[in-house]
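So the sequence shown is numbered by the UniProt record's numbering: it starts at 1 and just counts up by one. One structure below.
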Amino acid sequence: MPKNKGKGGKKRRRGKNENDTLKRELIEKDSDNQAYAQVQKMLGNGRLIALCFDGKQRLSYSRKNLRDYQDEKADVILKYTPDEARILKNAGHLPESTKLNEGEEEDAGGVEFSKQIIFNF
């Protein structure tokens with residue numbers, strides 16, 4: 001039998017999963033057919049249900065090409081981090097009634113969302 005000369009197997013090769021939280025430039029919506037929304041439910045397979053800030057609930061997709069002909073469906077353009085969503089709320093781009101994950105106590109019957117996204121519909 002050959003001698004083991006290496007330092008280990010497959011598990012040794014796994015490195016640390018570091019995320020270098022680089023600060024990226026804050027991108028805002030740029031046209032009338034884009035809107036901010038909050039994810040209500042992840043459905044899987046790149047689909048989600050989101051509540052847009054224009055008051056409509058839309059079935060949304062994470063896809064490469066964008067649609068502009070179906071109002072009840074939307075495409076995800078960009079997902080914001082919680083820090084970016086806080087900046088957008090302070091700048092007045094998001095309504096004041098928007099609840100973000102800020103460590104506050106949850107109101108009775110309130111819904112708390114954690115993902116902010118831009119949609120193209």
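Don't be surprised by glycine CBs; every beta carbon is placed ideally from N, CA and C. Only a predicted model underlies this, so the values are computations on that prediction, with no experimental measurement involved.
Of all the options the options, which has the alpha carbon lying nearest to the alpha carbon of residue i?
| i | options | result |
| --- | --- | --- |
| E28 | H93, K99, N101 | H93 |
| Y69 | K10, K5, N33 | N33 |
| C52 | D83, Q40, P2, N101 | Q40 |
| R24 | L100, S97, E84 | E84 |
| M42 | S60, T81, M1, R12 | S60 |
| D30 | I77, K11, G55, Q38 | I77 |
| R63 | T98, K79, K56, D54 | K79 |
| P95 | G44, P2, N45, A35 | A35 |
| G55 | R14, G46, S97 | S97 |
Take the Cβ of residue i as the centre, count every other Cβ of all protein chains shown within 10 Å, and call the residue buried at 16 or more, exposed below.
| i | result |
| --- | --- |
| L22 | exposed |
| L88 | buried |
| L26 | exposed |
Are residue i and residue j closer than 8 Å when you measure CB to CB?
| i | j | result |
| --- | --- | --- |
| R58 | E72 | yes |
| A91 | A74 | no |
| L100 | P82 | yes |
Grab the span of the alpha helix (DSSP H) containing residue i for me, first residue to last.
| i | result |
| --- | --- |
| K10 | 10-13 |
In chain order, which alpha helix (DSSP H) runs of at least 4 residues are fully inside the stretch 28-114?
Whole alpha helix (DSSP H) segments, 4+ residues: 82-91.
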